[in-house]
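Numbering (my numbering) for the sequence shown: 198 to 366.
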Amino acid sequence: MKKVRCPKCENYLTFDETQYEEGQSLVFICEHCRKQFSIRIKKKGREGKQPADQPCGSITVIENRFAYEQTFPLKEGNNLIGRRCIGTVVDIPIETSDMSMDRRHCIIHVKKNAGKTTFTLRDNASLTGTFLQNELLGDKEQALLKDGSVVTIGATTFVLHIPAANGNE
Ligand SMILES: [Zn+2]
198 MKKVRCPKCE NYLTFDETQY EEGQSLVFIC EHCRKQFSIR IKKKGREGKQ
248 PADQPCGSIT VIENRFAYEQ TFPLKEGNNL IGRRCIGTVV DIPIETSDMS
298 MDRRHCIIHV KKNAGKTTFT LRDNASLTGT FLQNELLGDK EQALLKDGSV
348 VTIGATTFVL HIPAANGNE
């Protein structure tokens, strides 16, 4: 049995999904508020596997004396990362008092290609540089990231998280 929630009164209705085909639309009438609504039975094992629905991972900023722990989702394309500051627009504004982090410090580029997603890191001409696993990136260097990669900008460290369903090893 499966539960479905009425969109109007939010009460749950129960139904026997084995009576229906995958992909079939069902019409319900809510026994509480008489609202009529329909759902589609999901196809098994195919939910959320379309590349467009895949999340692009996230970064988690490790708590330190300048900032509390923060997590930011990544988007496809360039993700400009820096210290949050009024008047500076970046994709990932880290709230911190770490003045050794530039306002526009580094960039993570997310690229989706044939079901595989790649994450590359580059410095954005920052004063203190961008470090991957404690190694300073060169001026034009683009470093490939993987799940768990540790990046340090200024006195602040963040960790990359890549969802398992992302086509990465
Ligand atoms: Zn209802």
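Ideal Cβ placement from N, Cα and C applies to all residues, glycine included. Here the structure is a predicted model, which means the values were calculated and not measured.
For ligand 1, a non-hydrogen atom lies closer than 7 Å to the CB of K205. Note that the C-beta distance between I289 and L277 is below 8 Å. Looking at the DSSP output, K200 shares a beta bridge with T211. If you draw a straight line from the Cα of Q233 to the Cα of G345, it comes to about 47 Å. Going by C-alpha positions, I350 is about 24 Å away from P252. Sorting H358, K200, A352, A361 by C-alpha distance to the C-alpha of F263 places A352 at the top.
Of the heavy atoms belonging to ligand 1, at least one sits nearer than 7 Å to the Cβ of N208. Residues of the same chain with a CB within less than 6 Å of the CB of T268, apart from the 5 flanking positions on each side, are S255, T257 in chain order.
Counting of Cβ neighbours within 10 angstroms places D320 among the buried residues, the total reaching 16 or more. Our two residues, L334 and A340, have alpha carbons roughly 8 Å apart in a direct line. CA-CA distance, K308 to K337, rounds to 18 Å. A distance criterion of 7 Å places the beta-carbon of K232 in contact range of ligand 1, judged by its closest non-hydrogen atom. Each of L210, M198, E260, R300 was checked against the Cα of C230, and the nearest Cα belongs to L210.
In the structure shown, A352 adopts coil according to DSSP, grouped into three states. Of N208, F225, K205, the smallest CA-CA separation from E214 is found for F225.
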